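Undergrad: For the record, in the sequence shown the residue sitting at position 50 is 65 according to the numbering used here, with numbers rising by one throughout.
Attaching a single structure in structure tokens format; questions to follow.
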Amino acid sequence: MQQITRAGEPMDVDGLLPAKGETAPAMTLTASDMQDVTLDTYAGKRKVLNIIPSVDTPTCAMSTRRFNELASTLADTVVLVVSADLPFAAKRFCGAEGLDNVKTLSTFRHREFQKQWGVALCNSPMEGLCARAVVVLDVDNRVLHSELVSELKNEPDYDAALAALNA
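If you want it as structure tokens, here you go:
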């Protein structure tokens, strides 16, 4: 069990985030059109998984906006914003914000993702949501960078994620 904080209070996170050099675990998530997708859906592309608790929180909204901005400059790269939000809510948020360079994916039908990817918040009022994390994959789904953000209210290290893609 890993641990992060939220406003300095400890929170447990079940599972282990994929580490640099590992092959990413399989995943099935639900896209904004309610279709299930896997890593194979994005074959031939590098992937940035911006894993968040909910787009309805200020830090999650900020990281989604920031990755949307960064994504427009990245060749052969897709940014996947993963949360427990319903696909309708994530689609509404991106539409209202004019964000079209990210793809939103939901764990609502596939909660196994949270533990398999080491982001399952547990033993707290936020159980069922994802911890904040970023995982960068190459075209073969090998992990180039991974970060479990130690304080839930903090943004991820965007520079480190970009550096992994530019290495």
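Beta carbons are placed, not taken as given, at the ideal position from N, Cα and C, and that holds for glycine.
Because the structure is a prediction, the values reported are computed rather than measured.
Which complete beta strand (DSSP E) runs does the segment 38 to 101 hold, if anything under 3 residues is left out?
TA: List check, beta strand (DSSP E) in window: 43 to 46, 51 to 53, 61 to 66, 92 to 98.
Undergrad: Whole-angstrom Cβ separation of lysine 106 and threonine 122, contact assumed at under 8 Å?
TA: In fact, because the Cβ distance is near 15 Å, the residues do not count as touching under 8 Å.
Undergrad: Rounded to the nearest angstrom, what separates aspartate 174 and arginine 147 at their Cα positions?
TA: Rounded to whole angstroms, aspartate 174 to arginine 147 spans 16 Å at the Cα level.
Undergrad: Cutting at 7 Å between CB atoms, please list the residues of its own chain near glutamate 142, excluding the five before and the five after it.
TA: The residues are Leu136.
Undergrad: Would a C-beta distance cut-off of 9 Å place threonine 38 and lysine 62 closer than the cut-off?
TA: Result no, Cβ atoms of threonine 38 and lysine 62 do not sit closer than 9 Å.
Undergrad: Take the Cβ of glycine 133 as the centre, count every other Cβ of all protein chains shown within 10 Å, and call the residue buried at 16 or more, exposed below.
TA: Under this definition glycine 133 is a buried residue.
Undergrad: Which of helix, strand or coil does DSSP assign to glutamate 170?
TA: Three-state result, glutamate 170: coil.
Undergrad: Kindly confirm or deny that the segment 94 to 112 and the segment 57 to 73 touch, where touching means at least three C-beta pairs closer than 8 Å.
TA: Counting Cβ pairs under 8 Å, three or more are found: they touch.
Undergrad: Whose CA, out of Phe82, Ala90, Glu170, Leu152, lies closest to the CA of glycine 113?
TA: Nearest C-alpha to glycine 113: Phe82.
Undergrad: Please say whether alanine 86 and valine 117 have beta carbons closer to each other than 9 Å?
TA: Contact flag set, yes.
Undergrad: Excluding sequence positions up to five away, which residues of its chain have a Cβ less than 8 Å from the Cβ of aspartate 8?
TA: Because the chain in this structure spans residues 16 to 182, residue 8 falls outside the shown range and cannot be described.
Undergrad: If valine 150 and serine 165 are in contact, beta carbons under 8 Å, what's the gap, nearest whole angstrom?
TA: Valine 150 to serine 165, Cβ: 16 Å. No contact.
Undergrad: Could you tell me the distance, in whole angstroms, from the CA atom of asparagine 181 to the CA atom of glycine 36?
TA: One C-alpha to the other measures close to 16 Å.
Undergrad: Cβ of aspartate 55 within 9 Å of Cβ of alanine 104?
TA: For aspartate 55 and alanine 104, no; Cβs fall outside 9 Å.
Undergrad: Between which two residues does the alpha helix (DSSP H) harbouring lysine 130 extend?
TA: Unbroken alpha helix (DSSP H) run through lysine 130: 127 to 131.
Undergrad: Quick one: residues in its chain with C-beta nearer than 7 Å to the C-beta of alanine 22, no 5 flanking neighbours on either side, listed in chain order?
TA: The residues are Lys168.
Undergrad: Below 7 Å CB to CB, which residues in the same chain sit around serine 47 once its five sequence neighbours on both sides are set aside?
TA: Here the set comprises Pro102, Ala105, Lys106, Thr119.
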